[in-house]
Amino acid sequence: MDTIFAVSSGQPPAAIAILRLSGAGALDAVRALAGDVPAPRRAALRALRQDGELLDRALVLIFPGPDSATGEDLAELHLHGGRAVVRAVEAALASIPGLRSAEPGEFTRRALANGRIDLSEAEGLGDLLMAETEAQRRAAIRSAEGAVRREVEGWASRTLGVAAQIEAMLDHSDEEDVDAEAEVMPGIRAAALALAAEIEAIVAQPPVERLRDGIRVVLSGPPNAGKSTLLNAMADRTAAIVSPIAGTTRDRIEAPVVRDGIAWLLIDTAGLTETEDVVERIGVGLARDAMDEADIVLWLGDDAPPEHPALIHVKPRSDQPGRGEGGDRLPVSAATGAGMERLWQAMRELGEDLLPRSDRLALNRRQRDLTATAGRALRAAASEGDMLLTAEQLRTALRAFDAITGRADVEAMLDALFSRFCIGK
356 MDTIFAVSSG
366 QPPAAIAILR
376 LSGAGALDAV
386 RALAGDVPAP
396 RRAALRALRQ
406 DGELLDRALV
416 LIFPGPDSAT
426 GEDLAELHLH
436 GGRAVVRAVE
446 AALASIPGLR
456 SAEPGEFTRR
466 ALANGRIDLS
476 EAEGLGDLLM
486 AETEAQRRAA
496 IRSAEGAVRR
506 EVEGWASRTL
516 GVAAQIEAML
526 DHSDEEDVDA
536 EAEVMPGIRA
546 AALALAAEIE
556 AIVAQPPVER
566 LRDGIRVVLS
576 GPPNAGKSTL
586 LNAMADRTAA
596 IVSPIAGTTR
606 DRIEAPVVRD
616 GIAWLLIDTA
626 GLTETEDVVE
636 RIGVGLARDA
646 MDEADIVLWL
656 GDDAPPEHPA
666 LIHVKPRSDQ
676 PGRGEGGDRL
686 PVSAATGAGM
696 ERLWQAMREL
706 GEDLLPRSDR
716 LALNRRQRDL
726 TATAGRALRA
736 AASEGDMLLT
746 AEQLRTALRA
756 FDAITGRADV
766 EAMLDALFSR
776 FCIGK
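What the sequence shown shows, in the numbering used here, is residues 356 to 780, in sequence order.
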């Protein structure tokens, strides 16, 4: 396998550029440039040269495998962070046989292949690199630190314990030290059912993707109700065209916002009305679809709001004469800012039930689908009357657990995952 190298500290120019090497030739490559290698895990200043020419003076660190981040021999060159310096050292490394530039995520992929991390931890690292809010960071770091792996390993261990009893009865039913089926099966079914219920409670948690994609908040109401004006005020920028002409907004306009560590996706929609205009009618259809998909609806109409499980009835333009009292509506003014903080607070209160709890396991879509498969298999195992079918359902659950942690064949998924990583990761 080739030895790979890449800058892992961000693109130069910078004060320092950390260039990583990983693979069987990493330490020899350092010797070729620095003359020798320092003691493991001890930083040392070395002059890096190629054909006698000084390239840079750098701090050198080496981490012999398998006790390294990738499980291979690994080295770090802490260079001066100018572009020319980095290019010169990279060119020198590329001239050494067996060395090449790393592909996106290749360091992490090697760590996975060498057992330093599991697949759920790699996914957590990918999410951590993309995290933009505090909630995203917390969920990602829990996954990267092994929270998903530990939970899944616990489920797998309990399932194996149940499966072992089934296999014992199937393989050694004639031996005296194996309990009779009538005595053992009720306990097996109860254990499988309890584990299924525990797993189903985890699957029922809000998806972790909502932390990244944002809570979908749709501003809806009749034409010229002030939706676009309110959207611009909430986004603190001009995201939608504002006009006194009714029907200005025809398409859905999305404005991502991060507030108080939570990601929101604000969506302006066409005014709901009966119209003969073909384009406006399409816009109204899109508006109704957006409401159906919304996590929260802000209804700006003066009439009764539509049915929705999470709806806030807003009274816009509360600064205008006669509109200051909201009654059962929330008065807001995009012009003066009055009521805006109360609106955000009302949204946060609704949003608490829409986001994964920080004290509960948060799964991504792939993990959640596999966990749901395991839960269904365990519930089926609890209801099967035939031991062979019960054993097969337990094996299905175990295969799903292995797929979550990457012990099963998931090569195509790995390609998609690591393509999101930066080169030096």
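Every residue gets a Cβ at the ideal spot worked out from N, C-alpha and C, and that includes glycine.
Residues in the same chain with beta-carbon distance under 7 angstroms from THR691, minus the five sequence neighbours each way, listed in chain order, please. Translated into the one-based positions of the sequence shown, residue 691 becomes position 336. Once the five neighbours on either side are set aside, the close Cβ partners of THR691 are ASP674.
From ARG715, LEU525 and THR624, pick the residue whose C-alpha is nearest to that of GLU747; which is it? Residue mapping note: residue 747 aligns to position 392 of the sequence shown, counting from 1. Considering only alpha carbons, the answer is LEU525.
Cβ separation of PRO562 and GLY656, assumed to be a contact under 8 angstroms, to the nearest whole Å: As a working mapping, residue 562 is identified with position 207 in the sequence shown. As a working mapping, residue 656 is identified with position 301 in the sequence shown. Incorrect: roughly 30 angstroms between the Cβ atoms, too far for contact.
Measuring CB atoms only, is the stretch 402 to 419 touching the stretch 468 to 483, in the sense that at least three cross pairs come out at less than 8 angstroms? no
Given this structure, state the Cα-to-Cα distance separating TRP315 from GLU696, to the nearest angstrom. Missing from the structure shown is residue 315; the chain here goes from 356 to 780 and no further.
For SER377: DSSP bridge partner residues: The residue given as residue 377 occupies position 22 in the sequence shown. SER377 is bridged by DSSP to ILE359 and LEU429.
Do LEU376 and ALA384 come within 8 angstroms of each other at the CB atom, strictly closer than that value? Locating residue 384 in the sequence shown gives position 29, where the first residue counts as 1. Locating residue 376 in the sequence shown gives position 21, where the first residue counts as 1. Cβ distance < 8 angstroms, so ALA384 and LEU376 count as in contact.
Check LEU653 in the structure and name its three-state DSSP category. Along the sequence shown, read from residue 1 onward, the residue named residue 653 stands at position 298. Looking at LEU653 - three-state DSSP - the assignment turns out to be strand.
Spatial neighbours of ILE600 within its chain, please: C-beta separation below 7 angstroms, excluding the five flanking residues on both sides. What you label residue 600 is simply residue 245 of the sequence shown in a count that begins at 1. Only weak support is given to the placement of ILE600: the predicted model assigns it a pLDDT of 48, under 50, and the value that follows is read from those uncertain coordinates. Excluding positions up to five away in sequence, the list is empty.
Between which two residues does the alpha helix (DSSP H) harbouring GLN560 extend? Within the sequence shown, the letter at position 205 stands for residue 560. Counting along the chain, GLN560 falls outside any alpha helix (DSSP H), and DSSP gives it neither H nor E.
Report the option in ALA689, LEU574 and ALA447 whose CA atom is closest to the CA atom of TRP654. The residue labelled residue 654 in the question sits at position 299 within the sequence shown. Ranking the options by Cα distance to TRP654, first place goes to LEU574.
Proximity winner among PRO671, VAL613, ALA370 and ASP714, relative to SER688 (alpha-carbon distances): Here residue 688 corresponds to residue number 333 of the sequence shown, with the count starting at 1. Comparing Cα positions, the closest option is PRO671.
MET589 versus GLY626 - alpha carbon distance: Stepping through the sequence shown from its first residue, residue 589 is reached at position 234. Stepping through the sequence shown from its first residue, residue 626 is reached at position 271. Their backbone Cα atoms lie some 19 angstroms apart in a straight line.
Between VAL441 and the rest of its own chain, which residues show a CB-CB distance below 8 angstroms, the 5 nearest in sequence each way excluded? For the purposes of this step, residue 441 is taken as the residue at position 86 of the sequence shown. Around VAL441: VAL362, PRO367, ALA372, LEU374 and LEU434.
Close-in-space but distant-in-sequence residues of the same chain around ARG544 (CB under 7 angstroms, 5 per side omitted): What you label residue 544 is simply residue 189 of the sequence shown in a count that begins at 1. Here the set comprises ALA737.
According to the Cβ coordinates, are LEU483 and PRO711 closer than 8 angstroms? Residue numbering aside, residue 483 sits at position 128 when the sequence shown is read from its first letter. Residue numbering aside, residue 711 sits at position 356 when the sequence shown is read from its first letter. Result no, Cβ atoms of LEU483 and PRO711 do not sit closer than 8 angstroms.
Can you list, in chain order, the residues of its chain whose CB lies under 8 angstroms from that of GLN722, leaving out five sequence neighbours each side? Here the question's residue 722 lines up with position 367 in the sequence shown. These residues qualify, in order along the chain: SER475, GLU478, VAL503 and ILE759.
Where ALA372 falls: helix, strand or coil (DSSP): Walking along the sequence shown from the start, residue 372 turns up at place 17. Three-state result, ALA372: strand.
Return the chain-ordered list of same chain residues with a C-beta closer than 8 angstroms to the C-beta of ARG386, the five sequence neighbours on each side being excluded. Start at 1 with the first residue of the sequence shown, and residue 386 comes out as number 31. Taken in chain order, the residues that qualify are VAL392.
Give the straight-line distance between the Cα atoms of ALA637 and ALA446, rounded to the nearest whole angstrom. The residue you call residue 637 lines up with position 282 of the sequence shown. The residue you call residue 446 lines up with position 91 of the sequence shown. For the sequence presented, residue 637 should be read as Ile rather than Ala. Roughly 56 angstroms separates the two Cα atoms.
Whole-angstrom Cβ separation of ALA413 and LEU403, contact assumed at under 8 angstroms? Your numbering for residue 413 matches position 58 in the sequence shown. Your numbering for residue 403 matches position 48 in the sequence shown. Correct: roughly 6 angstroms between the Cβ atoms.
Can you tell me whether GLU609 is helix, strand or coil according to DSSP? Here residue 609 refers to the residue found at position 254 when the sequence shown is read from its first residue. GLU609 falls in the strand class under three-state DSSP.
Can you have a look at VAL859 and say buried or exposed, based on whether 16 or more other CB atoms are within 10 angstroms of its CB? This structure cannot speak to residue 859, because the chain is shown only from 356 to 780.
6 angstroms CB neighbourhood of LEU705 in its chain, flanking five on each side removed: Locating residue 705 in the sequence shown gives position 350, counting from the first residue. For LEU705, where only same-chain residues beyond five positions count, the Cβ hits under 6 angstroms are ILE651 and ALA665.
Excluding the 5 residues flanking VAL444 on each side, which residues of the same chain have their C-beta closer than 7 angstroms to its C-beta? As a first step, residue 444 must be located in the sequence shown, where it is residue number 89. If we look at VAL444 and ignore the five residues flanking it on each side, its Cβ neighbours are LEU374, LEU403, LEU410, ASP411, LEU432 and LEU434.
Closest by CA to ARG397, which one among GLY390, ALA379 and LEU416? For this step, residue 397 is matched to residue 42 along the sequence shown. Among GLY390, ALA379 and LEU416, the Cα nearest to that of ARG397 belongs to LEU416.
Determine the burial state of GLU506: buried for a count of at least 16 other Cβ atoms within 10 Å of its Cβ, exposed for fewer. Residue numbering aside, residue 506 sits at position 151 when the sequence shown is read from its first letter. A buried status is given to GLU506, since no fewer than 16 other beta-carbon atoms sit within 10 Å of its beta-carbon.
Please check the pair GLU422 and ALA379, which I expect to be a contact at CB under 8 angstroms, by giving their CB distance rounded to whole angstroms. Indexing the sequence shown from 1 puts residue 422 at position 67. Indexing the sequence shown from 1 puts residue 379 at position 24. Inspection of the sequence shows that residue 422 is occupied by Asp rather than by Glu. Incorrect: roughly 15 angstroms between the Cβ atoms, too far for contact.
Sort ILE617, GLY640 and ILE622 by Cα distance to THR628 and report the nearest one. Reading the sequence shown from its first residue, position 273 is the one you call residue 628. Residue GLY640 is the option with its Cα nearest to THR628.
Where the alpha helix (DSSP H) through LEU467 begins and ends: Position 112 of the sequence shown, counting from 1, holds the residue named residue 467. First-last of the alpha helix (DSSP H) with LEU467: 461 to 468.
Measuring only the C-alpha atoms, how far is MET646 from PHE418? For the purposes of this step, residue 646 is identified with residue 291 of the sequence shown, where counting begins at 1. For the purposes of this step, residue 418 is identified with residue 63 of the sequence shown, where counting begins at 1. Computed Cα separation, rounded: 54 angstroms.
Do you know how far the Cα of THR463 is from the Cα of SER364? In the sequence shown, residue 364 corresponds to position 9, counting from 1. In the sequence shown, residue 463 corresponds to position 108, counting from 1. Approximately 15 angstroms between the Cα atoms of the pair.
Neighbour-count burial assignment, ILE491, 16 or more Cβ in a 10 Å radius: As a working mapping, residue 491 is identified with position 136 in the sequence shown. Rather than Ile, the amino acid found at residue 491 in this sequence is Gln. By the neighbour-count rule (16 or more Cβ atoms within 10 Å), GLN491 is buried.
I'd like the ranges of any alpha helix (DSSP H) spanning at least 4 consecutive residues and lying wholly in the stretch 473 to 531. 474 to 485, 489 to 499 and 502 to 527
Paired residues, beta bridge with GLN405 - DSSP: As a position in the sequence shown, residue 405 is number 50, starting the count at 1. Bridge partners of GLN405: GLU408.
Could you tell me how far apart the beta carbons of VAL572 and MET742 are, in whole angstroms, since I believe they sit closer than 8 angstroms? As a working note, residue 572 is residue 217 in the sequence shown. As a working note, residue 742 is residue 387 in the sequence shown. 52 angstroms between Cβ atoms; not a contact.
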